[in-house]
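Structure first, commentary second.
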Amino acid sequence: MKKEYLIYKLADAVKSTSKIDNALFTKYNVKRGLRNEDGTGVLVGLTKVGNVVGYERKPEGGLVPIPGKLFYRGYDVDDIAHDLIRTKRCGFEEVAYLLLSGKLPDKDELTSFKELVNENMPLEQKTTMNILDLQGQNIMNILARSVLEMYTFDPNPDDTSRDNLMRQSIDLISKFPTIIAYAYNILRHATFGRSLHIRHPNEKYCIAENFLYMLKRDFTDLDARTLDLLLVLQAEHGGGNNSTFTVRVTSSTGTDTYSSIAAGIGSLKGPLHGGANIQVVDMLHHLKENIKDWTSVSEIDAYLMKILDKKAYNKTGLIYGIGHAVYTISDPRAVLLKELARDLAKEKDRVKEFEFLELLEERAIECFSHYKGNKSGKRVSSNVDFYSGFVYEMIGLPQEIYTPLFAMARIVGWTAHRIEELNFEGKRIIRPAYMNILGTQSYAPLDER
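The sequence shown begins at 128 in this note's numbering and counts up one residue at a time.
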């Protein structure tokens, strides 16, 4: 039997082996996607790290949509972000300290933490050389391989004591910007024939500034502060988001930090999780080309309804950047990002595009409500991806690093949750159940088949 035919035959068998009647999920009360019937997540754990709030529960049952809130260790991210915006300073390191330790640092603690991060930011020479050798078009894969390689250079890679977990966490937070910046410059050199620049981190810069410096050298103060805000807003999003849950599941087995974080990177890479901002940017470019009057509500509405009807754009019926699994009336990250995005649009002379995006946001919510509201009654809002891709574009960042930037922020939440998973009393390996609905079959010896 030819190999190609065998592969086809095995693949064709999947059509029957993977078919499960949808009615059985209801019959056996299976929570598909670990979601309840009302769309909320199934409660599978407890945490003190972060909290995502998009609704309130009525005493008599049911959900009430409310403006979204995000909390880091009990602190409202809105308060953290507005203080950073007011004082025009970087705050990602401050948030990292908070999520890792559970408390806000004082000035001395923050200074020492920043120094520690900058000391750990340079890569081992062997790691740098190995990144040079890594081939591939996807930087998320290079990031995952680089993380796994860090196991080799760690003197105590399997030690899960609190001290060692914290050391590894800070090392990963420090090195993610360097790995991503170097990986892109190598990709740029190998694929586009551009000059190869490997810049060492600047000890006087914050993480956002250092990343921009290592990636492209030239950046403005507003570029750095806007990127820093995005890192702050994406650092943590509760234990139930797919990549963080992946880190907690793998951590519950007692595996090493690098294997667990590599698994989280693999989860985040999925287009249903970390790649949404690229889709928003692609959609925005399409809309800019196909809508003649960027200020016309009627023209915008007509085209968005065509998208929802699967008659325009990529014909999926999706308006990317609209809707979220938890947030209903608003995504606090999108609201906060808009504040600096507006200033950045002025600096980059792209105000008309920003105003078009704002109008698209408003009309997309209205069109979605008109199109599906009478059927489901579901409330939707824009999510952080609706603006993040446009912000990255204004800063001058290439699409190849949009999802890696998400990982660069979320590594803080991942490590905080891993530490918590391995240090609470009564910890158990996470092992949910699947019901087998096939039943038993009679075995036939090979010569009788």
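Backbone N, C-alpha and C fix where the C-beta goes; we use that ideal spot for every residue, glycine too. Owing to the predicted nature of the structure, the values given are computational and were not obtained by experimental measurement.
C-beta atoms of residue i and residue j nearer than 8 Å
i      : j      : result
Ser508 : Asp458 : yes
Leu471 : Met521 : yes
Ser379 : Ile557 : yes
Glu221 : Leu237 : yes
Glu527 : Leu314 : yes
Ala335 : Ala317 : no
Gly366 : Arg375 : yes
Val176 : Glu547 : yes
Gly391 : Thr373 : yes
Phe517 : Val424 : no
Leu226 : Tyr199 : yes
Ser515 : Leu445 : no
Thr347 : Glu164 : no
Ala308 : Leu349 : no
Arg294 : Asn550 : no
Asp285 : Asp383 : yes
Tyr454 : Gly195 : yes
Thr542 : Ser228 : no
Tyr529 : Asn368 : no
Which of helix, strand or coil DSSP assigns to residue i
i      : result
Tyr213 : With the sequence shown as reference, residue 213 is identified as Arg, and Tyr is not the correct amino acid for it. Looking at Arg213 - three-state DSSP - the assignment turns out to be helix.
Ser379 : coil
Lys230 : coil
Lys331 : coil
Arg506 : coil
Asn550 : coil
Tyr454 : coil
Ser204 : In the sequence on display, residue 204 carries Val and not Ser. Helix.
Ile449 : strand
Glu489 : helix
Gly523 : coil
Pro304 : helix
Phe346 : coil
Asn368 : coil
Gly516 : helix
Val407 : helix
Val374 : helix
Leu197 : strand
Gly393 : helix
Tyr182 : strand
Gly177 : strand
Arg352 : helix
Val191 : strand
Gly566 : coil
Arg576 : coil
Gly168 : strand
Arg162 : strand
Thr287 : coil
Gly540 : helix
Pro559 : coil
Thr443 : coil
Tyr583 : Here the chain has residues from 128 to 576 only, and residue 583 is not among them.
Nearest-angstrom Cβ-Cβ length linking residue i and residue j, presumed shorter than 8 Å
i      : j      : result
Phe513 : Ala461 : 6 Å
Leu360 : Val180 : In fact, because the Cβ distance is near 15 Å, the residues do not count as touching under 8 Å.
Gly218 : Leu211 : 4 Å
Ile193 : Ile456 : 6 Å
Ser370 : Leu354 : Going by Cβ atoms, the distance from Ser370 to Leu354 rounds to 20 Å, so no, they are not a contact pair.
Met432 : Cys494 : 6 Å
Tyr182 : Val191 : 6 Å
Gln406 : Tyr440 : The pair is not a contact, with the Cβ atoms about 10 Å apart (cut-off 8 Å).
Cβ neighbours of residue i in the same chain (closer than 7 Å, five flanking residues each side left out)
i      : result
Leu580 : With the chain covering only 128 through 576, there is no way to say anything about residue 580.
Asn329 : Asn337 and Tyr340
Phe240 : Glu220, Tyr224 and Pro232
Gly113 : Past the edges of the chain, shown from 128 to 576, lies residue 113, and the structure says nothing about it.
Asn283 : Asn291
Phe481 : Ala468, Arg469 and Ala472
Asn178 : Phe198 and Gly365
Glu488 : Ser509 and Phe513
Sequence-distant residues of its chain with Cβ nearer than 6 Å to residue i (five each side left out)
i      : result
Val141 : none
Ser301 : Val244, Asn247 and Met248
Ala223 : Ile300 and Val539
Leu80  : Examination of residue 80 is not possible in this model, given that the chain is present from 128 through 576 alone.
Ala362 : Val222, Ala536, Val539 and Gly540
Spatial neighbours of residue i in its chain, beta-carbon cut-off 8 Å, leaving aside the 5 residues before and after
i      : result
Glu426 : Ile418, Lys419 and Asp420
Val157 : Leu151 and Met562
Lys185 : Val191
Lys331 : none
Closer than 7 Å: residue i CB and nearest the ligand NAD heavy atom
i      : result
Leu151 : With respect to small molecules bound, the structure shown includes none, and the ligand NAD cannot be examined in it.
Touching by the beta-carbon criterion (3+ pairs, under 8 Å), the segment 493-500 and the segment 376-388: no
The segment 316-336 touching the segment 412-419, judged by at least three CB pairs closer than 8 Å: no
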